[in-house]
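*Asks:* First residue of the sequence shown? That's 10 in our numbering, and the numbers climb one at a time after it. Even glycine gets a Cβ: it sits at the ideal position worked out from N, Cα and C.
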Amino acid sequence: MDSAAAASGAKKEAPDFTLEVLSTAVVSATVKCNHAGEIAGMRRLFSTMGGINMGMSPPGTQSLHPHQSFDEVFVSKFVSLLQNFVVAAEKQPIDNSQFRETCSQATALLLDHMVSDSRANLEGFSQLIRLLCWCPAYISTPDAMETGIYIWTWLVSAAPSLGPLVLAELVDAWLWTIDTKRGLFASDMNYCGPDAKLRPHLIAGEPEAPPEKDPVEAIIAHRLWLGFFIDRFEVVRHDSIEQLLLLGRMLQGTMKSPAHFSHHPAATGTFFTAMLLGLKFCSCQSQSNLQKCNMGLQLLEDRVYRAALGWFSYAPEWYESPNKTYAQREAQSVSVFVHFLQNERTSGPVDSVSKLQGREGEPSMADHIHPVWGCVDNYTNAREKRKQLLLTLSQNEADRLEVWAQPIHTKDTTTFRGKISSDKWIDHVRTAFAVDPRIALSMPLRFPTNATMQSEITQLVQTRLLELRTIPEALPFFITPKAVDENSVLLQQLPHWAPCSVTQALEFLTPPYKGHPRVMAYVLRVLETYPPETVTFFMPQLVQSLRYDEGVRILSSITCILFLMPFNSIRNWLKGTCLELLEEVIYLLIS
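1. How would you label Asp152, buried or exposed, when you count the other beta carbons within 10 angstroms and need 16 or more for buried?
2. What number of angstroms, rounded off, separates the C-alpha of Ser149 from the C-alpha of Leu398?
3. So Glu243 is in the alpha helix (DSSP H); what residue range does that whole segment cover?
4. Among the residues of its own chain, which have a CB less than 7 Å from the CB of Phe2, if the five just before and after it don't count?
5. With 16 as the cutoff for other CB atoms within 10 Å, does Leu131 come out buried or exposed?
6. Looking only at its own chain, which residues have a Cβ that is under 7 Å from the Cβ of Phe346, when we skip the five neighbours before and after it?
7. Return the residue from the list Ser196, Tyr539 and Gln307 that minimises the CA-CA distance to Pro267.
8. The ligand GTP and Asp188: does any heavy atom of the ligand fall closer than 8 Å to the residue's C-beta?
9. Can you say whether Asp188 is buried or exposed, counting buried as having 16 or more other CB atoms within 10 angstroms of its CB?
10. Do Arg455 and Asn405 count as a contact pair if the criterion is CB distance below 9 Å?
11. Does the distance from the CB of Gly133 to the CB of Val84 come in under 9 Å?
12. Between Asp445, Val535, Ile480 and Asp432, which has its C-alpha nearest Thr461's C-alpha?
13. According to the Cβ coordinates, are Ala414 and Ala336 closer than 9 Å?
14. For a test of the three-state rule: what should DSSP assign to His418, helix, strand or coil?
15. In terms of alpha-carbon separation, which member of Trp382, Ile160 and Val225 lies closest to Pro331?
16. Measuring CB to CB, does Leu499 end up less than 9 Å from Phe517?
17. Tell me whether the beta-carbon of Ser295 lies closer than 9 Å to the beta-carbon of Arg354.
18. For the alpha helix (DSSP H) that contains Val180, what are its first and last residues?
19. On the criterion of 16 or more Cβ atoms from any shown chain inside 10 Å, does Ser166 qualify as buried, or is it exposed?
20. Among Glu81, Asn459 and Met304, whose alpha-carbon lies nearest the alpha-carbon of Pro380?
21. Using DSSP with H/G/I as helix, E/B as strand and the rest coil, what is Gly64?
22. In angstroms, rounded to a whole number, what distance separates the CA positions of Lys265 and Ala275?
23. Please report the straight-line C-alpha distance between Asp494 and Ala340, rounded to a whole angstrom.
24. For Gly383, count neighbouring C-beta atoms within 10 Å of its own C-beta (all shown protein chains included) and say buried if the count is 16 or more, exposed if not.
25. Does Gly524 come out as helix, strand or coil in the three-state DSSP assignment?
26. Would you list the residues sitting across from Gly383 in a DSSP beta bridge?
27. Using a 10 Å radius around the Cβ and a threshold of 16 neighbouring Cβ atoms, would you call Asp104 buried or exposed?
28. Whole angstroms is fine: what's the gap from Glu593's alpha carbon to Ala443's?
29. Given that a residue counts as buried once 16 or more other Cβ atoms are within 10 Å of its Cβ, and exposed if not, what is Pro504?
30. Please list the terminal residues of the continuous alpha helix (DSSP H) segment that includes Glu251.
31. Just to confirm the assignment, what range does the alpha helix (DSSP H) spanning Gly278 have?
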């Protein structure tokens with residue numbers, strides 16, 4: 010709906026959204042006619058006055074190539090203006106109304122050139138088309154993307170022959186945003202969500218400064234862009250194999266790795282909209298014009314499933330937007346994905362080997378290690394298990410966002426959702442662990458009261474410790490009071506484990522863990538990885554933990570942390586007698 014609004018020029022925040030889209034479409038048609046009239050009038054005037062060399066031609070004569078002269082002058086002018094917008098956007102916000110006006114006039118010029126059937130200055134017009142497609146991607150704001158969708162829709166509807174060219178440029182621009190990690194693909198941005206300001210406290214890792222630009226703007230721009238791609242897919246899916254293959258190229262690049270997606274909480278709706286487009290595209294397997302691409306579509310579907318499951322490898326977060334309808338749209342995007350997944354038609358009762366087989370006589374993908382899932386014994390059964398796991402997690406995400414958007418809205422879900430048995434939960438955990446252990450480790454955060462799930466995850470973690478050393482979230486499943494009492498051999502893995510967050514480390518200083526030497530050694534190593542000011546913030550908790558410290562050696566170690574961390578931060582600017590005196594005091598305290 011947002012994309013439809015952008016295509017018509019409507020404001021998506023309008024009270025009566027549907028009527029706004031319809032009424033603005035009429036106004037938009039008038040505006041397009043006005044721009045077309047401006048270009049036609051200028052061309053006529055330009056031709057009448059003798060072109061660019063007016064005044065130098067003999068009276069009563071005209072330029073030999075008035076269209077070419079007009080096109081060269083104005084194409085170069087619009088190219089220069091659009092390039093200036095891109096340069097300006099890197100430094101400060103652009104004038105959106107001026108950008109929209111310039112893009113509309115450039116589009117009208119382009120369409121007027123198409124009507125004239127002239128083949129002059131093709132290079133200039135190709136550059137203009139490229140800029141019209143790439144500028145919104147460079148600027149990456151919702152307003153710029155709305156302008157982009159508006160002019161792209163105008164181009165492909167007024168000149169269908171431009172459809173493949175426009176889509177090819179847009180696909181290249183989309184893949185460029187993946188390479189440059191923008192918007193939905195800002196995977197290296199750790200400063201995201203409400204927990205960002207407490208990153209060293211709640212989440213492992215160093216604190217980061219907030220980004221210069223609001224990352225949510227680029228995410229919303231990607232969501233609008235996806236709406237345009239979905240609309241184009243529905244238009245061309247049955248009659249343009251060329252454009253379908255272009256969309257397939259875009260989706261292959263998008264789903265190439267589940268790790269290149271942003272996990273910003275504001276990206277939830279955008280992410281699941283991308284997954285929806287991927288599943289819609291894969292549903293073309295039954296179309297006659299894509300019969301030869303079945304194997305590629307099956308592989309793409311596996312990549313969509315893998316990327317969608319990867320979203321749940323992180324703890325659930327919340328995003329509070331000043332826009333009152335934002336949360337509702339996020340929940341709706343996930344609900345639409347769930348609805349499509351529930352109603353997705355599966356292939357008939359055929360063996361997975363024949364299903365994955367491309368053409369007759371070719372080797373099957375099931376005979377080798379799967380490029381997405383690795384070794385799979387029974388592809389059909391494993392696929393169904395992954396689908397059911399994804400449905401369960403996605404439905405929970407939709408419900409969670411729905412409650413966040415409408416806390417007092419009572420929605421009865423028991424009438425259409427059955428209860429999941431304990432055996433099914435065990436199956437879900439094992440499936441999640443096989444895909445990515447982090448997905449299974451994050452499930453208790455989404456289903457905190459499920460004891461069956463907790464027990465199964467604990468068992469899986471303790472039997473596969475060597476595979477999980479880089480995942481701090483696995484610590485609570487084998488560092489337990491019971492393991493401490495029994496002095497379990499599992500604790501021998503702690504020296505090799507990745508550092509966790511400060512709060513999680515402090516939890517291991519509480520009485521249930523009884524100051525176990527291996528646990529204490531791990532805690533001290535974790536605290537040493539953080540800057541002094543971060544550890545100093547938790548000084549009260551560290552001092553409190555000394556009450557439970559019965560061993561002198563451990564007491565000395567913790568006291569070392571307490572005093573040496575702040576001391577190290579100031580010793581660089583202390584000199585002379587002060588430094589020597591402070592070192593002596595510290596020595597007396599810890600000895």
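*Replies:* For this structure:
1. buried
2. 34 Å
3. Pro224 to Val245
4. Residue 2 is absent from the model: the chain starts at 10 and stops at 600.
5. exposed
6. Phe281, Met284, Leu285 and Ser403
7. Ser196
8. Annotation note on the ligand GTP: not contained in the displayed structure, which lists no ligands.
9. exposed
10. yes
11. yes
12. Asp432
13. yes
14. coil
15. Val225
16. no
17. yes
18. Gly172 to Asp188
19. exposed
20. Met304
21. Reliability fails at Gly64, whose pLDDT of 45 lies under 50, so the model's placement of it is uncertain and the value that follows must be treated cautiously. Reduced to three states, the DSSP call for Gly64 is coil.
22. 22 Å
23. 45 Å
24. exposed
25. coil
26. His379
27. exposed
28. 55 Å
29. exposed
30. Ile250 to Thr263
31. Thr277 to Cys291
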